[in-house]
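Residue numbers (the numbering used here): 6 to 200.
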Amino acid sequence: MSGSTTTNTGGATATVPGGTAFSALPQQSTPPSSGDGFLGVFGGQFQFLTAEQAWAGAVPIAGGVSLTGSLGGIAPTAPAHLTTKAYVDTAIASVTGAVSQAAGQAQVSATNAANAAEGAANAATLAVTAKIGKAGGAAALSPDGNLMLGTVEFLGVSSSGLPLLIIDVPDSDPGVANALWSNGGALWLSPGAST
């Protein structure tokens with residue numbers, strides 16, 4: 006039963022919707038007939054009680070019901086307990102805030118991971134670049150994919166997988182030991198200067 010609360014000098018008096026105080030309601034001193042019953046929430050569950058069961062547990066009220074302090078809801082302690090809208094709103098706000106915070110942390114973690122991966126890739130590129138053309142390092146490739154020695158394209162691979170000598174070689178012995186030269190399509194190594 007819903008009602009309103011009115012304040013007087015003795016505290017609060019609970020009233021029914023029609024404005025009648027509980028103390029002014031008619032009291033029944035004898036049990037109702039056995040055919041009557043009540044449907045209500047008892048122990049957190051809907052139950053039907055016969056008039057006899059309800060009367061056996063009834064507490065007679067004489068006079069008004071005095072209330073002290075302000076009325077307020079308490080947090081439920083079991084799933085079947087009823088609660089106030091304010092409690093539900095607070096719980097929803099708490100969950101919403103936690104989800105929002107977790108999503109933000111996940112986004113920050115993803116950004117940090119992407120930055121770390123990019124940094125690692127840049128470091129690897131710089132490490133390889135630093136070794137190109139250095140003794141014990143890596144050899145550079147031309148835009149065509151040919152091996153470079155210094156700034157000159159030297160060796161390549163044909164589309165059929167055969168090795169190619171890219172540089173032009175002299176057609177006579179240059180007189181430099183181990184220098185390549187061509188004698189009509191055959192490659193020769195120079196023995197060096199003749200004495």
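No residue lacks a Cβ here, since even glycine has one placed at the ideal position from N, Cα and C.
Within the same chain, and ignoring the five residues on either side of His86 in sequence, the residues whose Cβ sits closer than 8 Å to its Cβ are Gly49. Rounded to the nearest whole angstrom, the CA to CA distance from Leu146 to Pro168 is 15 Å. Under the three-state reduction of DSSP, Val104 is assigned to helix.
In the DSSP annotation of this structure, Pro196 is not part of any beta strand (DSSP E), being labelled neither H nor E. With respect to the 7 Å criterion, Gly161 and Ile171 are classified as neighbours on the basis of their beta carbons. In the displayed model, Thr55 falls within a strand according to three-state DSSP. In this structure, the alpha-carbon of Ala119 lies about 34 Å from that of Asn151. With contacts defined as CB atoms closer than 7 Å, Trp186 and Pro179 qualify as a contacting pair. Taking C-alpha positions only, Thr55 is separated from Leu44 by approximately 9 Å.
Its chain contains Gly197 as the residues whose beta carbon lies nearer than 6 Å to that of Ala182, once the 5 sequence neighbours on both sides are disregarded; these appear in chain order. Uninterrupted beta strand (DSSP E) stretches at least 3 residues long and entirely within the segment 116 to 177 occur at 152 to 154, 157 to 162, 168 to 170, given in chain order. The secondary-structure analysis by DSSP pairs Leu192 across a beta bridge with Ser187. With contacts defined by Cβ atoms closer than 7 Å, Thr88 and Pro81 form a contacting pair.
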